[in-house]
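Heads up, the thing below is written out as structure tokens.
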Amino acid sequence: RMDLTLKVDKSYKNVEDFRNLPLKKARDGSLVRLKDVAKVEFGPLNTRTMFKGNGNPVVGIGIYQQSNANTISVADGVKKKLIEVKKNLPEGAQLDVAFDRSNYIRVAVNEVYVTLFISVALVVGVIYLFLGNLSSVIIPTLAIPVSLISTFLLIYAANFSLNLFTLMALVIAIGLVVDDAIVMLENIYRRVEAGETPLIASYKGASQVSFAIIATTVVLVAVFVPLIFVKGIVGKLFTELALTLTFSIIISAFVALTLSPMLASKYLVVTHSKPAFLKKFDSYLEKFSNFYFETLLLLLYKKKEIIIFLISVLIAVVVLFKITPKELIPPEDRGVFYVVIQAPDGSGFDYTKEKTENIEKVFLEDLGKGTYKEILARVPGFQSGIDQVNTGFLVVLLEDWAKRKKFSGQDLGGVFQKLNSFPGVKAFPIMPQGLRGGAGDKPIQFVIKGNTYEELIKWKEILKAEIVKNKNLVNVDDDLDLTRPQLKIKINADKAADLGVSVESISKTIETMFGSKEVTKYTKEGREYAVMLQADIKNRQEPSNLNKVVVRSNSGKLVPLSSVATFYEESTFTSLNRYNRQRSVTISARLVGNYTISEALGYLENLSKEKLPPYARIDYKGESLEYKNTSSDIYFIFLLALFTAYLSLAAQFENWKHPLTIMLTVPLAILGGIIGLWVIGSSLNIYSQIALIV
723 RMDLTLKVDK SYKNVEDFRN LPLKKARDGS LVRLKDVAKV EFGPLNTRTM FKGNGNPVVG
783 IGIYQQSNAN TISVADGVKK KLIEVKKNLP EGAQLDVAFD RSNYIRVAVN EVYVTLFISV
843 ALVVGVIYLF LGNLSSVIIP TLAIPVSLIS TFLLIYAANF SLNLFTLMAL VIAIGLVVDD
903 AIVMLENIYR RVEAGETPLI ASYKGASQVS FAIIATTVVL VAVFVPLIFV KGIVGKLFTE
963 LALTLTFSII ISAFVALTLS PMLASKYLVV THSKPAFLKK FDSYLEKFSN FYFETLLLLL
1023 YKKKEIIIFL ISVLIAVVVL FKITPKELIP PEDRGVFYVV IQAPDGSGFD YTKEKTENIE
1083 KVFLEDLGKG TYKEILARVP GFQSGIDQVN TGFLVVLLED WAKRKKFSGQ DLGGVFQKLN
1143 SFPGVKAFPI MPQGLRGGAG DKPIQFVIKG NTYEELIKWK EILKAEIVKN KNLVNVDDDL
1203 DLTRPQLKIK INADKAADLG VSVESISKTI ETMFGSKEVT KYTKEGREYA VMLQADIKNR
1263 QEPSNLNKVV VRSNSGKLVP LSSVATFYEE STFTSLNRYN RQRSVTISAR LVGNYTISEA
1323 LGYLENLSKE KLPPYARIDY KGESLEYKNT SSDIYFIFLL ALFTAYLSLA AQFENWKHPL
1383 TIMLTVPLAI LGGIIGLWVI GSSLNIYSQI ALIV
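The working numbering puts the first residue of the sequence shown at 723, with every later residue one more than the last.
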């Protein structure tokens, strides 16, 4: 005997088989088939979607890398696979890469490489100017490749990638790694000029400056290591930068203490004959040195004036620091900007599609004229669910950087003015930035927390009435609105029970007719497809269509839905949100012009103190939260770096007072850095903060 599996052959091989599916026997004896009472067709699961490329219907395939994957490697791998896929495409089909995020990364990394080479050239040139012969140039210059190559090995061992921050660390490191070698060589060179042999000069010269080199290295490491304590996304990047700098500095000190004196003992040659331009440079340098010594001698007798000057510098630093614009990350031209489209809640797909296509035409008119390279349009918008048909999204790809001028915030402002003229829809452009969240996320996300949603509605209306008056904030919105229309069905439970109609039967009928219900699957060409049941589109577009719905009772009779339920329209909340377990509303906005996130959050904080009761609690989300966390962290890290540097110096000098002399140079350095930011019109952001710490 054998065990056999029983399987019913449904014989549904194609759409025609479903059309001929018998349902029941009519009174006249004929069979009623599915095609007699329904339209059966093979089509997409969701028809309420649109995707266009340069105005033409296209199919979009999005490929996302894993969090630990390298963007450039993934992009290169995908493009190689596309070459193979194109060979098997049917005639007339075309497959192209429309949007590649790795392009910006490639250009940015190449720019850093160029900066790296320029930095090396400048360092070598400066060394040659001051030391005056090629053998003296080669010895400290060798510290650069040795230190950088060794740093690459440590970067690899630490599982870091070559990103903008690690490459920026290498650019900064070029000047630092050669410092120790120059100090070592200059001291040896001076002793050789005094008559010592290169071997003796190398030994004694290295002994003289080894303490200074070690002290400098320890202090620099003490400054950079605290950066690893910064939290969040910025903290991860700071960690890579800090450790890369630390690696290179430690290795450069080792090279300066070993390789540089060894090479000097073998190859250092002192020459008194120099080219004319070097002699002229030396004469200017000597004049400057004399001026410096005379000024220094004069200032040594003006202690009160120096103290007053230092106090003035401290005051100037505090004042300038407070009034300098602050932001998380400066605007970047990444070769693309997005347009987020928001139709009123309850807007249908056709309405949103029409508005999105009208906005798309604005950019299509300028396509290929030097600024725009490609326009992608989608409804629903990216990062929206399939039911959020009141959202749209445009990806506007710009021409390559070499073919156009830089696309700035002013250009984006012009786009905003164009979009502002479209009635019946909110549309605003945004430029993607490196450390921000989703494409539609606004930089300003100000959270108000309270005890009830009713008081939150009252508070947010008070604030929004004032915020809209601030011309530096646009697209002011919140996530607590009674604007979402809904059709409510109220079931008369007693009447339904009398007629033998269950609430479950009513719910399933409405779900099937006006939503959709998967009833089975069928296989076509080796792939499974869902069989969906729903009412025809013309019978689910109007609220009055509910009057046509009938529900089967327990006895098998059909009961009109309108006899057991009433229908009425009402508005409801788009969502009810909690933040950190508390009822909340988030007010979001975008910035205009040079208005920074620091100024915007300061304005909102002061406004909430003025307009809201004392027990109202405020918080932040998204980029605003990242900025607040980073700002508070960076002040702590800066003070910690100063403190660790002071302790390192105190330990080496075995004195608590002498390190203070060195630490007094810090305010002067900060003042110079902040003045530099004002000169170039920049802000205090993560990049300039790194520069100040360095």
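Glycine residues also receive a C-beta, built at the ideal position from the N, C-alpha and C atoms.
If you're wondering where the values come from, they're calculated on a predicted model, not measured in any experiment.
Under 8 Å between C-beta atoms of residue i and residue j
i, j, result
"residue 1359", "residue 948", "yes"
"residue 1243", "residue 1233", "no"
"residue 1126", "residue 1092", "yes"
"residue 1170", "residue 1306", "yes"
"residue 1189", "residue 1198", "yes"
"residue 938", "residue 893", "no"
"residue 987", "residue 907", "no"
"residue 941", "residue 1372", "no"
"residue 1144", "residue 1118", "no"
"residue 1268", "residue 1289", "yes"
"residue 740", "residue 753", "no"
"residue 1000", "residue 851", "yes"
"residue 910", "residue 990", "yes"
"residue 1315", "residue 1194", "yes"
"residue 1129", "residue 1060", "no"
"residue 764", "residue 781", "no"
Limits of the beta strand (DSSP E) - the one that residue i falls within
i, result
"residue 1293", "1287-1294"
"residue 1254", "1249-1255"
"residue 1096", "1094-1101"
"residue 1059", "1058-1064"
"residue 1429", "Any property of residue 1429 remains undetermined from this structure, which presents the chain solely from 723 to 1416."
"residue 1308", "1304-1313"
"residue 1299", "1299-1301"
"residue 772", "772-775"
"residue 1167", "1166-1171"
Where residue i falls, given that 16 or more other Cβ within 10 Å makes a residue buried
i, result
"residue 1167", "buried"
"residue 701", "The requested residue 701 does not occur in the structure, where the chain is confined to residues 723 to 1416."
"residue 1403", "exposed"
"residue 795", "exposed"
"residue 1241", "exposed"
"residue 783", "exposed"
"residue 1348", "buried"
"residue 742", "exposed"
"residue 1357", "exposed"
"residue 1228", "buried"
"residue 1112", "buried"
"residue 817", "exposed"
"residue 1109", "exposed"
"residue 984", "exposed"
Other residues of its chain near residue i: CB distance less than 6 Å, five sequence neighbours each side excluded
i, result
"residue 1407", "1049, 1051, 1052"
"residue 1148", "1064"
"residue 1276", "1222"
"residue 774", "1099"
"residue 928", "983"
Cβ shell of residue i (< 8 Å), same chain only, five flanking positions each side left out
i, result
"residue 1399", "1046, 1405, 1406, 1410"
"residue 1123", "829, 1055, 1057"
"residue 1300", "1306"
"residue 1310", "1164, 1166, 1167, 1168, 1197, 1198, 1199, 1200, 1201"
"residue 993", "854, 855"
Residue range of the unbroken alpha helix (DSSP H) whose run includes residue i
i, result
"residue 1328", "1319-1333"
"residue 1412", "1408-1415"
"residue 867", "865-879"
"residue 895", "886-915"
"residue 1360", "1344-1375"
"residue 1206", "Not the alpha helix (DSSP H): residue 1206 falls in the beta strand (DSSP E), residues 1206-1213."
"residue 758", "756-759"
"residue 1005", "998-1021"
"residue 847", "824-853"
"residue 1433", "Since the first residue shown for the chain is 723 and the last is 1416, residue 1433 is missing from the structure and cannot be characterised."
Contacts around residue i, its chain only, beta-carbon distance under 7 Å, and the 5 residues preceding and following it disregarded
i, result
"residue 953", "1351, 1355"
"residue 876", "969"
"residue 746", "754"
"residue 1382", "none"
Cβ separation of residue i and residue j, assumed to be a contact under 8 Å, to the nearest whole Å
i, j, result
"residue 845", "residue 896", "6 Å"
"residue 977", "residue 1038", "That belief does not hold up - the Cβ atoms of residue 977 and residue 1038 are roughly 39 Å apart, past 8 Å."
"residue 1292", "residue 1208", "6 Å"
"residue 899", "residue 974", "3 Å"
"residue 1235", "residue 1257", "4 Å"
Residue-level contact to chain C via CB, residue i, 8 Å cutoff
i, result
"residue 1138", "Of the protein chains in this structure there is only one, and it is not chain C."
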